[in-house]
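Counting in the UniProt record's numbering, the sequence shown runs from 1 upward without gaps.
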Amino acid sequence: MNLCKGNSQLEQQILQVNPLLEAFGNAQTVMNDNSSRFGKYIQLRFQKNTVQGAKLSEYLLEKSRVVQQDTGERNFHIFYYMFAGLSSEQKEMYGLLDPSLYRYISGRFGTQEVAERWKHKYQEVCNALDMVGFQEQEQVDMQAILAGVLSLGNVTFEPEESNGSVKVSEASQGWLKAAAVSHKKYARDSIAKVAYGRVFDWIVCKINELLAENVDPEVELREIGILDIFGFENFAVNRFEQLCINLANEQLQHFFNHHIFQLEQAAYKEEGLPWETITFNNNEPILNLLLAKPLGLLSLLDEQSAFPQATDKTFVDKLNSSFKGSLHFQPARGRVLGFSIMHYAGKVQYDARGFLEKNRDTLPANIRGLFINSITPLLSHSLMVLMERMYSADPHFVRCIKPNNQKEPGVLDNQVVLLQLRYNGLLETIRIRRDGFSWRPSFEEFAE
1 MNLCKGNSQL EQQILQVNPL LEAFGNAQTV MNDNSSRFGK YIQLRFQKNT VQGAKLSEYL
61 LEKSRVVQQD TGERNFHIFY YMFAGLSSEQ KEMYGLLDPS LYRYISGRFG TQEVAERWKH
121 KYQEVCNALD MVGFQEQEQV DMQAILAGVL SLGNVTFEPE ESNGSVKVSE ASQGWLKAAA
181 VSHKKYARDS IAKVAYGRVF DWIVCKINEL LAENVDPEVE LREIGILDIF GFENFAVNRF
241 EQLCINLANE QLQHFFNHHI FQLEQAAYKE EGLPWETITF NNNEPILNLL LAKPLGLLSL
301 LDEQSAFPQA TDKTFVDKLN SSFKGSLHFQ PARGRVLGFS IMHYAGKVQY DARGFLEKNR
361 DTLPANIRGL FINSITPLLS HSLMVLMERM YSADPHFVRC IKPNNQKEPG VLDNQVVLLQ
421 LRYNGLLETI RIRRDGFSWR PSFEEFAE
């Protein structure tokens, strides 16, 4: 692959970005051993047919994975790569113990064969950090923070009845002001999530500094953008993170429908072409249920999050009363604290526990100061900004189809594939491409 004729260093830096981001942003899930737990948009900027620079934007990093993973899943790859790749001396320097002792990775380390593969991956990460331009001390600092995150997860709290204090039972010293143990656990996990998120932001910010174009600002640049974002998710247990991911997929599916079906058929009608309208599954009502203001699901979540006395149960009660009779919302049965959304890809039942806490995503005031100016923050980009960028582009689509649910190579499950073809609208896409007028040459091209 030759991206940058005459600029081989820039080419190598761009190519090294992906394995570096995968190490820090991907993880094993029940559906995919190398699942992206964030979305990224890479802009390649051209001048005179040569790539002059690149810019990366990231969206919705699943920070909660740092402190909790479901059965059959793992934390972010980089933690396992570190244990496999660091020497004994380096582990001692970072204060790392046996990986089975760390709560945040739940002792799930793997076989010797897997460890060897992770060791090789760790070296790839180090090479990528060097290539992209991270200094040696920066890499040491980064790994020290990651080791600190793991150690933080092992801090436990014991209520002391004698004086109403809470004792930190790990190697830390001192006493904390009396507070519920649950509050202290929340503070601990909040610090871990924020610390990891800041490391990831630091990496993205550093990448953008190094790949920034060095061109005359007066000269117009052409751009190719590549969006790589997590697919639709429906697990045994679906939480706030899955709702965010599926919302992003709903918006992208609507964007796909808009360009492939609505704009295409509107052009045929405008030009007076004989055409039988092709219907498609319009997911706009689902987006309205999720995004409408002031009565959409996310608006109601923000409203409840603003009330100190609100709970996940009051939030669910609010949803049940607001969306009673909706075709795209179903209350949970029995005593389950949750609800179901009829997404374009099917019904998903969400566990509402933790929704308010995760939506607030705030640090307790007494520890917020620990992170002021500690790592250069990267300005967050909302999905609204992403979609505005997408609608201003001339898009091309690549649809990824999973061949089976067992993650087995060379196995094609017809029913699994057919289901994806249907809910992604690919059967209708094939029809409009077959019967429509997808090739539109200019008069000059036609004459030639």
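Quick reminder that beta carbons are idealized off the backbone N, C-alpha and C, glycines included.
Supposed contact pair residue j and residue i - C-beta distance, whole angstroms, cut 8 Å
| i | j | result |
| --- | --- | --- |
| Met82 | Leu146 | 6 Å |
| Lys119 | Ala84 | 4 Å |
| Thr429 | Ile260 | 6 Å |
| Arg188 | Val155 | 6 Å |
| Asn234 | Gly72 | Not really, about 15 Å apart at Cβ, beyond 8 Å. |
| Phe79 | Ile203 | Not quite, the Cβ-Cβ distance comes to about 15 Å (not below 8 Å), so this is no contact. |
| Val181 | Phe157 | 5 Å |
| Leu295 | Ser321 | In fact, because the Cβ distance is near 11 Å, the residues do not count as touching under 8 Å. |
| Leu227 | Tyr391 | Wrong, their Cβ atoms sit about 12 Å apart, outside the cutoff. |
| Phe232 | Asn249 | 5 Å |
Rounded straight-line distance, which links the Cα of residue j to that of residue i
| i | j | result |
| --- | --- | --- |
| His396 | Phe256 | 9 Å |
| Gln253 | Gln90 | 46 Å |
| Gly410 | Arg399 | 19 Å |
| residue 493 | Asp413 | Within the shown structure, residues of the chain are numbered from 1 to 448, placing residue 493 beyond reach of any answer. |
| Tyr268 | Leu56 | 37 Å |
| Gln28 | Trp275 | 46 Å |
| Val140 | Tyr350 | 40 Å |
| Glu11 | Cys126 | 18 Å |
| Ile401 | Pro285 | 25 Å |
| Gln68 | Gln304 | 24 Å |
| Leu21 | Leu298 | 29 Å |
| Gly425 | Asn281 | 7 Å |
| Leu44 | Glu213 | 10 Å |
| Ser87 | Lys407 | 32 Å |
| Gln309 | Val66 | 27 Å |
| Gly39 | Val30 | 19 Å |
| Gln262 | Ala292 | 22 Å |
| Thr50 | Leu211 | 14 Å |
| Gln112 | Ala393 | 47 Å |
| Asn283 | Asn246 | 12 Å |
| Pro99 | Ala144 | 15 Å |
| Met142 | Ser106 | 22 Å |
| residue 493 | His258 | Nothing about residue 493 can be reported from this structure: the residues present for the chain run from 1 to 448 only. |
| Ser442 | Glu271 | 15 Å |
| Leu287 | Gly197 | 28 Å |
| Gln242 | Met384 | 18 Å |
Nonlocal neighbours in the same chain, by C-beta distance under 7 Å from residue i, ignoring five residues either side
| i | result |
| --- | --- |
| Ser387 | Correcting the residue identity first, residue 387 is Met in this sequence and not Ser. Around Met387: Gln251, Phe255. |
| Asn238 | Val348, Gln349, Tyr350, Asp351 |
| Leu152 | Arg188, Ile191, Ala192 |
| Tyr423 | Tyr344, Ala345, Gly346 |
| Lys313 | Leu337 |
| Lys318 | Leu300, Gln304 |
| Val219 | Gln47 |
| Lys63 | Lys193, Tyr196, Gly197 |
Counterpart residues of residue i in DSSP-defined beta bridges
| i | result |
| --- | --- |
| Pro331 | Phe339 |
| Gln47 | Thr50 |
| Leu289 | Leu289 is not bridged to any residue. |
| residue 453 | For residue 453 there is no data in the structure shown, the boundaries of the chain being 1 and 448. |
| Val316 | DSSP output for Val316 lists no bridge partner at all. |
| Asp351 | Gly338 |
| Glu223 | Arg45 |
| Lys40 | Glu58, Asp228 |
| Gly346 | His343 |
| Ser87 | Beta-bridge pairing links Ser87 to no other residue. |
| Phe76 | Ala27 |
| Asn246 | DSSP lists no partner for Asn246. |
| Asn238 | Tyr350 |
| Ser35 | Ala27 |
Cβ-based neighbour list, residue i, same chain, cut-off 8 Å, excluding 5 preceding and 5 following
| i | result |
| --- | --- |
| Cys244 | Leu60 |
| Asn26 | Asn34, Ser35, Ser36, Arg37, Phe76, His77 |
| Leu301 | Phe315, Phe355, Leu356, Asn359 |
| Leu273 | Phe437 |
| Arg335 | none |
| residue 476 | Only positions 1 to 448 of the chain appear in this structure, which leaves residue 476 out of reach. |
Proximity test, residue i beta-carbon vs the ligand SAM heavy atom, cut-off 7 Å
| i | result |
| --- | --- |
| Phe355 | No copy of the ligand SAM occurs in the structure displayed, which carries no ligand at all. |
Chain-order list of residues whose beta-carbon lies under 6 Å from that of residue i (same chain, five-residue window excluded)
| i | result |
| --- | --- |
| residue 534 | An answer regarding residue 534 cannot be provided, because it is not within the stretch 1 to 448 covered by the chain. |
| Lys121 | Tyr81 |
| Gly110 | none |
| Glu124 | Pro19 |
| Ala171 | Reliability fails at Ala171, whose pLDDT of 46 lies under 50, so the model's placement of it is uncertain and no value is given. |
| Leu221 | Arg45, Gln47 |
| Val149 | Ala192, Ala195, Tyr196 |
| Ala115 | Ala84 |
(message) Below 8 Å, how does it come out for the region 124 to 139 and the region 9 to 28: are there three or more Cβ pairs, yes or no?
(response) yes
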